[in-house]
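Engineer: Numbering (the UniProt record's numbering), first residue to last: 1 to 136.
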């Protein structure tokens with residue numbers, strides 16, 4: 001459809017650029033709520049506690065909700081996977097109250113803090129691989 005308007009080569013540049021941006025955005029958004037969570041070993045916890053231990057939220061704001069497509073509510077996403085994403089903010093106070101009642105940590109961090117956590121995790125992973133490569 002767009003090829004006649006801009007030519008095949010320009011179409012391919014725009015197509016692959018949009019795919020690159022989409023993929024990069026998706027990886028950052030999906031990983032910011034899971035890295036670095038301490039989930040190395042099964043501690044025989046119940047399902048809800050395991051979900052809360054394996055994920056965290058990114059603080060709510062209009063920008064964060066828009067930028068992440070409401071996936072900044074990753075705890076609620078794991079607990080209620082079929083709930084429409086735009087309703088997670090409604091469930092969040094109820095989940096937080098349940099966590100407080102049962103003494104379970106409800107983790108939430110800033111968007112910048114989440115991105116920094118990803119960079120630290122990548123650096124740590126790279127150091128492990130370098131060590132294995134050089135001395136393995």
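Positions of the beta carbon are idealized from the N, C-alpha and C atoms, including for glycine.
Under a three-way DSSP split, which group does residue 101 fall into?
Structural biologist: Note: residue 101 maps to helix in three-state DSSP.
Engineer: Could you pull out every residue in the same chain whose Cβ sits closer than 8 Å to the Cβ of residue 70, ignoring the five residues on either side in sequence?
Structural biologist: Cβ neighbours of residue 70 beyond the five flanking positions: 85, 86, 88 and 89.
Engineer: Can you tell me whether residue 150 is helix, strand or coil according to DSSP?
Structural biologist: An answer regarding residue 150 cannot be provided, because it is not within the stretch 1 to 136 covered by the chain.
Engineer: Taking 9 Å as the cut-off, decide whether the C-beta atoms of residue 92 and residue 105 are in contact.
Structural biologist: Their beta carbons are not under 9 Å apart, which means residue 92 does not touch residue 105 by this criterion.
Engineer: Would you list the residues sitting across from residue 58 in a DSSP beta bridge?
Structural biologist: BP columns for residue 58 point to 109.
Engineer: Buried or exposed: which applies to residue 6, given that a residue is buried once 16 or more other Cβ atoms fall within 10 Å of its Cβ?
Structural biologist: With fewer than 16 Cβ atoms within 10 Å of its Cβ, residue 6 is classed as exposed.
Engineer: Looking at C-alpha atoms only, which residue of 63, 32 and 67 is the closest neighbour of residue 54?
Structural biologist: The shortest Cα separation from residue 54 among 63, 32 and 67 belongs to 32.
Engineer: Is it true that the stretch 96-112 meets the stretch 47-64, where meeting means three or more beta-carbon pairs spaced less than 8 Å apart?
Structural biologist: Contact between the stretch 96-112 and the stretch 47-64 is present, because at least three Cβ pairs lie under 8 Å.
Engineer: For residue 4, which of helix, strand or coil comes out of DSSP?
Structural biologist: Three-state DSSP puts residue 4 in a helix.
Engineer: State yes or no: is the C-beta of residue 108 within less than 9 Å of the C-beta of residue 59?
Structural biologist: In contact: residue 108 and residue 59 (Cβ atoms closer than 9 Å).
Engineer: In whole angstroms, what separates the C-alpha of residue 73 from that of residue 67?
Structural biologist: Approximately 12 Å, taken between the alpha carbons.
Engineer: Over the uninterrupted alpha helix (DSSP H) stretch that includes residue 75, give me the two end residues.
Structural biologist: Taken as a continuous stretch (DSSP letters only), the alpha helix (DSSP H) holding residue 75 covers 74-79.
Engineer: Assuming the contact rule is C-beta atoms closer than 8 Å, residue 118 and residue 28 should be a hit. Round their C-beta distance to whole Å, please.
Structural biologist: Correct: roughly 7 Å between the Cβ atoms.
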